[in-house]
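Trainee: Handing you this structure, nothing more for now.
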Amino acid sequence: MGMAATERETVSSVHFSIHHCPPWPLRSTACPTPTTPALPSVRALPPMRDHRLLRLLLSPPLSSLREPLATRASWSARPITRHPCPRPGSPPHPSLRPVPILDGFHWYKSRPAGFLLLRRRRDSSSRHRAPPGSPLRREYEPVSVCFSLASAFFPRFLRRRHSDSAHGDPEFSVGVATIGFGDASGLRARFDSVRSTTARAQSGNAGRSMTEERGCTMSDTEMPFKYSSGKAFPLGVSQVEGGLNFALFSQHASSVILCLKLPGRGTEDEKGADVVEFVLDQQKNKTGDIWHVIVEGLPASGVLYGYRVGGPQGWDQGHRFDSSTVLLDPYAKLVSGRKYFGVAEEKSSQHFGTYDFDSSPFDWGDDYRLPNLPEADLVIYEMNVRAFTADESSGLDSTSRGSYLGLIDKIPHLLELGVNAVELLPVFEYDELEFKRYPNPRDHMVNTWGYSTINFFAPMSRYASAGGGPVAASKELKQMVKELHKAGIEVILDVVYNHTNEADDAHPYMTSFRGIDNKVYYMLDLNKNAELLNFSGCGNTLNCNHPVVKELILDSLRHWVEEYHIDGFRFDLASVLCRGPDGCPLDAPPLIKEIAKDAVLSRCKIIAEPWDCGGLYLVGRFPNWDRWAEWNGKYRDDLRRFIKGDPGMKGVFATRVSGSADLYQVNERKPYHGVNFVIAHDGFTLCDLVSYNLKHNDANGEGGCDGCNDNFSWNCGVEGETNDLNVLSLRSRQMKNFHVALMISQGTPMMLMGDEYGHTRYGNNNSYGHDTCINNFQWEQLEQRRDGHFRFFSEMIKFRHSNPILRRDRFLNKNDVTWHEDCWENQESKFLAFTVHDHNSGGDIYLAFNAHDYFVDAVIPPPPHHKCWNRVVDTNLESPNDIVPEGVPFTGPKYRIAPYSSILLKAKP
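End of the sequence shown sits at 909 in the UniProt record's numbering; the numbers just go up one at a time, nothing left out.
Written out as structure tokens, the structure is:
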């Protein structure tokens, strides 16, 4: 084996991991003595020169054991020594010294002979799901493991052994330990122990864990790792001189174990990997509330890692520690878990952090430039990376459908449409199989929207092409951003800092924050048994204004800007970010202010969804420091009501299309700080808005109780699908009316993916869980409607781009617009006409919207001097006459405007 004798003599620690799943019967196995012949269940080791260890039991098959473990069971190595082997029923030998082991084990080590006696704590109630206030009931069962340590070296053939059980359930197993070589006293000073142990995979069922036995892979000639205390910053894993530094924050933890999953020999499959654990010493590996360690000799990529964190069990104090669960590092820059999107068989896969220090920096190119578009010029396209190309009609290869690379192939479509910014539904690593954790009415669905964040730094790995994994996902996301920027399109991310995937206390799902420091990371009601507060509607609420959580969010945002060149962020349920630790609203939320003032984020667009599920509605009142923009929910509701013909909406419609000065004309805010939209991902599509009076959400499994009831929609006479040509014609006009109003409004317009061809979700206004045609872009339908519906939408966007008076960076005054209206108080009036003036070139624009169910003869004002009116839009006309970009000359004092239609005239020479 090539190891020097002095190295062999400095073995410092050996630990065993014991996992027992009753009620399997046990077989009596007598503890062998030096004169006892080897039992069938004891594996004989090949002869080793100068080694005294002859036999070592790795893991006895449990299915054939027939006697209770507590009375007879004993597994042992056969040592070459005269030292008696302790039996489970007998007291420890006087020469055995007790050594504490975390997570309910105690072991006794014999200095001369190295016998171990392990006593395992048995918890009669589940730690994962212990009800509040109920202490764990503990019993102890003894387990003997005897072996000789003197000059022992454990070679790589002790790597692992899988269970023989045909039942497929976790069995009692004994895993061989990692052995620390080097200076024993120095190593003990740094660590309590170094262990290779059973890899625990968090199961899909909340609160249940699965186990797989793992051993350690070692070099044939050397032990590869050295350790030192490490440093507290930066958090996460980082390269330092001589190794990799791991740093984790946990204020209330009493123990932290770093778990490394090393790739197995000859394979990159994580199932063939080995797990090594490092127990961190509070004296040497902790600075303040940050636990840290430097590990030397690790590969620069391909290693998976996580933490096991122990701490107080006071549920009513807000703690949810469980040291048996391997947790994901909140600062992991890459996350490895499932390989392919939505594969139900992978629902129990463990998520590990990983890193890649081998790859060269991404090549952005010598001629690469950020678009840096003015906010006033943006036309935002809200879209889902996966749903954009997941359908077979995309024409892409199956390996690239639904991926970052798939989106690159469709950039020409975005350019033809005319949008210059994409707002991507969440692309942080998220749990698409969250509904399948346990049987429930929604377990048939897959989360395709992405609002179930696992980690705030890592890109969604299952958006990589061909199941490429986290490293490929990172590179392909950068390639996607690079290509979008090359096309002049900015990238805005929809970010979810209001909650995580870890659910509520009724169905807890521990993957990271909950087990690392629940009391810090989440808002709690300390007056109600420390229950999780739920302002997100998803079971938990991130404690965003806690100093540590605030810094995590800021670090995350900076990471996306610096590493991925992201141009902006839309903050989901941003009112949560305005709450204190007790959930009460803050007048000047520290996080909101620091995002607005941060130097790295200064070039970014920052957009708030200014409400949450706790009723904190802040449209027009969101704390902004003259930087924050807002989704204008009042714009959406008021336009829907006017266009469908509700009475009394003319005045407020005028306010909305002119920039919502009643909401945003405060301090230095601009019209573009209001993001105007009629349709967004949550709610009806534009087609469904004019096709359904009621939501139809039965497919979601919630009995129709989910989704908004106040949709302000109108089905134009028939609910849902129809062949009635008159109804279809009216619906087409209404969709075009909405699009015209959106594109001529002062402020920043946003449209939803698929509305450019009239996508339908068949009345489902909350389609978050359907990885089907309900959400997926239908490219065949686009082709069928390219010359009609799509052409109108595209030309209207381009008209906005070519007319700066529709996208001013200041609010309109009385010289900028003329309202052709003298009876604002008439509640029955549903007609509005106005002229937007161009003081530079005289290119005035006349607009009229008729929401009556009858024709209106509108009096047309005279055009500017030396100009004449040209009809650009009449939504009552069939394509291609419904929009003529160059205009059709119009003369006459009046224009007869059809019911439920709109017109646009442009003054030209």
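Even for Gly, the Cβ is constructed at its ideal location relative to N, Cα and C.
Are residue 604 and residue 568 close, meaning C-beta to C-beta below 9 angstroms?
Mentor: As a working mapping, residue 604 is identified with position 604 in the sequence shown. As a working mapping, residue 568 is identified with position 568 in the sequence shown. Yes, they are a contact pair.
Trainee: Looking only at its chain, what residues have a beta carbon closer than 7 angstroms to the beta carbon of residue 870, apart from the 5 residues adjacent to it on each side?
Mentor: To locate residue 870, count along the sequence shown from 1; it is residue 870. Taken in chain order, the residues that qualify are 887, 888, 889, 890, 905, 906, 908.
Trainee: Pull up the CB-CB distance for residue 683 and residue 765, whole angstroms please, since I reckon it's below 8 angstroms.
Mentor: Sequence index remark: in the sequence shown, residue 683 carries index 683 (1-based). Sequence index remark: in the sequence shown, residue 765 carries index 765 (1-based). Contact flag correct, Cβ pair sits at about 5 angstroms.
Trainee: Please name the residue or residues paired with residue 399 in a DSSP beta bridge.
Mentor: Position 399 of the sequence shown, counting from 1, holds the residue named residue 399. None; residue 399 has no bridge partner.
Trainee: Given a cut-off of 9 angstroms, decide if residue 335 and residue 307 are closer than it, judged by their beta-carbon atoms.
Mentor: As a position in the sequence shown, residue 307 is number 307, starting the count at 1. As a position in the sequence shown, residue 335 is number 335, starting the count at 1. Their beta carbons are not under 9 angstroms apart, which means residue 307 does not touch residue 335 by this criterion.
Trainee: As an exercise, report each continuous beta strand (DSSP E) stretch of at least 3 residues that is fully enclosed by the region 491 to 563, in chain order.
Mentor: Those beta strand (DSSP E) runs which fall completely within the region 491 to 563 and span 3+ residues do not exist here.
Trainee: Express the C-alpha separation of residue 899 and residue 756 in angstroms, rounding to a whole number.
Mentor: Residue 756 sits at position 756 when you count from the first residue of the sequence shown. Residue 899 sits at position 899 when you count from the first residue of the sequence shown. Rounded to whole angstroms, residue 756 to residue 899 spans 23 angstroms at the Cα level.
Trainee: Excluding sequence positions up to five away, which residues of its chain have a Cβ less than 6 angstroms from the Cβ of residue 565?
Mentor: For this step, residue 565 is matched to residue 565 along the sequence shown. Cβ within range, chain order: 481.
Trainee: Run the CB neighbour count on residue 331, radius 10 Å, all protein chains shown included, and call it buried at 16 or more, exposed below.
Mentor: Reading the sequence shown from its first residue, position 331 is the one you call residue 331. So residue 331 ends up on the buried side.
Trainee: From this set, 541, 235, 689, which residue's C-alpha is nearest residue 353's C-alpha?
Mentor: Locating residue 353 in the sequence shown gives position 353, where the first residue counts as 1. Checked all of 541, 235, 689; the closest Cα to residue 353 is 235.
Trainee: Out of 831, 550, 879, 864, state which residue places its alpha-carbon closest to the alpha-carbon of residue 856.
Mentor: Counted from its first residue, the sequence shown places residue 856 at position 856. Minimum Cα distance to residue 856 is reached at 831.
Trainee: Residue range of the beta strand (DSSP E) that residue 259 falls in?
Mentor: As a position in the sequence shown, residue 259 is number 259, starting the count at 1. Taken as a continuous stretch (DSSP letters only), the beta strand (DSSP E) holding residue 259 covers 255 to 262.
Trainee: Should residue 777 and residue 796 be called a contact, given that it needs their Cβ atoms to be closer than 9 angstroms?
Mentor: Taking the first residue of the sequence shown as 1, we reach residue 777 at position 777. Taking the first residue of the sequence shown as 1, we reach residue 796 at position 796. Against a cut-off of 9 angstroms, the Cβ pair of residue 796 and residue 777 comes out as no contact.
Trainee: Please tell me whether residue 320 and residue 583 are closer than 9 angstroms, where the distance is taken between their beta carbons.
Mentor: One-based indexing of the sequence shown puts residue 320 at position 320. One-based indexing of the sequence shown puts residue 583 at position 583. Their beta carbons are not under 9 angstroms apart, which means residue 320 does not touch residue 583 by this criterion.
Trainee: When the Cα of residue 304 is compared with those of 337, 323, 406, 282, which residue comes out closest?
Mentor: For the purposes of this step, residue 304 is taken as the residue at position 304 of the sequence shown. Looking at the Cα atoms, 337 is the closest of the given residues.
Trainee: Look at residue 663 and residue 600 and say whether their C-beta atoms are less than 9 angstroms apart.
Mentor: By one-based count along the sequence shown, residue 663 stands at place 663. By one-based count along the sequence shown, residue 600 stands at place 600. The answer is no: Cβ separation not under 9 angstroms.
Trainee: Should residue 896 be labelled buried (16 or more other beta-carbon atoms within 10 Å of its own) or exposed?
Mentor: As a first step, residue 896 must be located in the sequence shown, where it is residue number 896. Its Cβ having fewer than 16 others within 10 Å, residue 896 is exposed.
Trainee: If you run the structure through DSSP and keep just helix, strand and coil, what is residue 315?
Mentor: Position 315 of the sequence shown, counted from the start, is the residue given in the question as residue 315. The answer is helix: DSSP assigns residue 315 an H, G or I state.
Trainee: Tell me the DSSP bridge mates of residue 307?
Mentor: What you label residue 307 is simply residue 307 of the sequence shown in a count that begins at 1. In the DSSP output, where bridge partners are listed per residue, residue 307 has 258, 327.
Trainee: Leaving out five residues on either side along the sequence, give the residues of the same chain with a beta carbon under 7 angstroms from the beta carbon of residue 546.
Mentor: Numbered from 1 along the sequence shown, position 546 holds the residue referred to as residue 546. If we look at residue 546 and ignore the five residues flanking it on each side, its Cβ neighbours are 520, 581.
Trainee: Can you name, in chain order, every residue of its own chain whose Cβ lies under 8 angstroms from the Cβ of residue 477, other than the five neighbours on each side?
Mentor: Position 477 of the sequence shown, counted from the start, is the residue given in the question as residue 477. Cβ within range, chain order: 404, 427, 459, 463, 564.
Trainee: Give the single residue among 525, 901, 280, 278 whose Cα lies nearest to the Cα of residue 315.
Mentor: Along the sequence shown, read from residue 1 onward, the residue named residue 315 stands at position 315. Checking every option, the nearest Cα to that of residue 315 belongs to 525.
Trainee: Measuring straight from C-alpha to C-alpha, what distance separates residue 621 and residue 578?
Mentor: For the purposes of this step, residue 621 is identified with residue 621 of the sequence shown, where counting begins at 1. For the purposes of this step, residue 578 is identified with residue 578 of the sequence shown, where counting begins at 1. Between residue 621 and residue 578, the C-alpha separation is close to 11 angstroms.
Trainee: Check whether the Cβ atoms of residue 388 and residue 365 lie closer than 9 angstroms to each other.
Mentor: On the sequence shown, residue 388 is found 388 positions in, with the first residue counted as 1. On the sequence shown, residue 365 is found 365 positions in, with the first residue counted as 1. Result no, Cβ atoms of residue 388 and residue 365 do not sit closer than 9 angstroms.
Trainee: Considering only the alpha carbon of each residue, which of 313, 390, 874 lies closest to residue 770?
Mentor: What you label residue 770 is simply residue 770 of the sequence shown in a count that begins at 1. Residue 390 is the option with its Cα nearest to residue 770.
Trainee: State the CB to CB distance for the pair residue 627 and residue 596, rounded to an integer number of angstroms; the pair is presumed to be in contact (CB under 8 angstroms).
Mentor: Start at 1 with the first residue of the sequence shown, and residue 627 comes out as number 627. Start at 1 with the first residue of the sequence shown, and residue 596 comes out as number 596. That pair is a contact at about 4 angstroms.
Trainee: What number of angstroms, rounded off, separates the C-alpha of residue 465 from the C-alpha of residue 341?
Mentor: Numbered from 1 along the sequence shown, position 465 holds the residue referred to as residue 465. Numbered from 1 along the sequence shown, position 341 holds the residue referred to as residue 341. For residue 465 and residue 341, the distance between alpha carbons rounds to 10 angstroms.
Trainee: From this set, 668, 687, 713, which residue's C-alpha is nearest residue 639's C-alpha?
Mentor: Along the sequence shown, read from residue 1 onward, the residue named residue 639 stands at position 639. When each option's Cα is compared against that of residue 639, the closest is 713.
Trainee: Pull up the DSSP beta-bridge partners for residue 631, would you.
Mentor: Taking the first residue of the sequence shown as position 1, residue 631 is located at position 631. In the DSSP output, where bridge partners are listed per residue, residue 631 has 675.
Trainee: Just the Cα atoms here: how many angstroms apart are residue 804 and residue 728?
Mentor: Along the sequence shown, one-based indexing puts residue 804 at 804. Along the sequence shown, one-based indexing puts residue 728 at 728. Spanning the two alpha carbons is a distance of roughly 34 angstroms.
Trainee: Which residue from 616, 658, 881 puts its Cα closest to that of residue 787?
Mentor: Counted from its first residue, the sequence shown places residue 787 at position 787. Comparing Cα positions, the closest option is 881.
Trainee: Straight-line CA distance for residue 285 to residue 253?
Mentor: In the sequence shown, counting from the first residue as 1, residue 285 sits at position 285. In the sequence shown, counting from the first residue as 1, residue 253 sits at position 253. Their backbone Cα atoms lie some 13 angstroms apart in a straight line.
Trainee: Leaving aside the five residues before and after residue 697 along the sequence, list all residues of the same chain whose C-beta is less than 7 angstroms from its C-beta, in chain order.
Mentor: Position 697 of the sequence shown, counted from the first residue, corresponds to residue 697. Answer for residue 697: 704, 706, 707, 764, 765, 766, listed in chain order.
Trainee: Taking all protein chains shown into account, decide if residue 823 is buried (16 or more other Cβ within 10 angstroms of its Cβ) or exposed.
Mentor: Taking the sequence shown and counting its residues from 1, one reaches residue 823 at position 823. Label assigned to residue 823: exposed.
Trainee: Excluding the 5 residues preceding and the 5 following residue 231 in the sequence, name in chain order all residues of the same chain whose CB lies nearer than 8 angstroms to its CB.
Mentor: Against the sequence shown, residue 231 aligns to sequence position 231. Excluding residues within five positions, the ones whose Cβ falls inside 8 angstroms are 240, 245, 247, 287, 292, 294.
Trainee: Determine the extent of the beta strand (DSSP E) in which residue 568 is found, giving its start and end residues.
Mentor: Here residue 568 is taken as the residue at index 568 of the sequence shown, counted from 1. First-last of the beta strand (DSSP E) with residue 568: 568 to 571.
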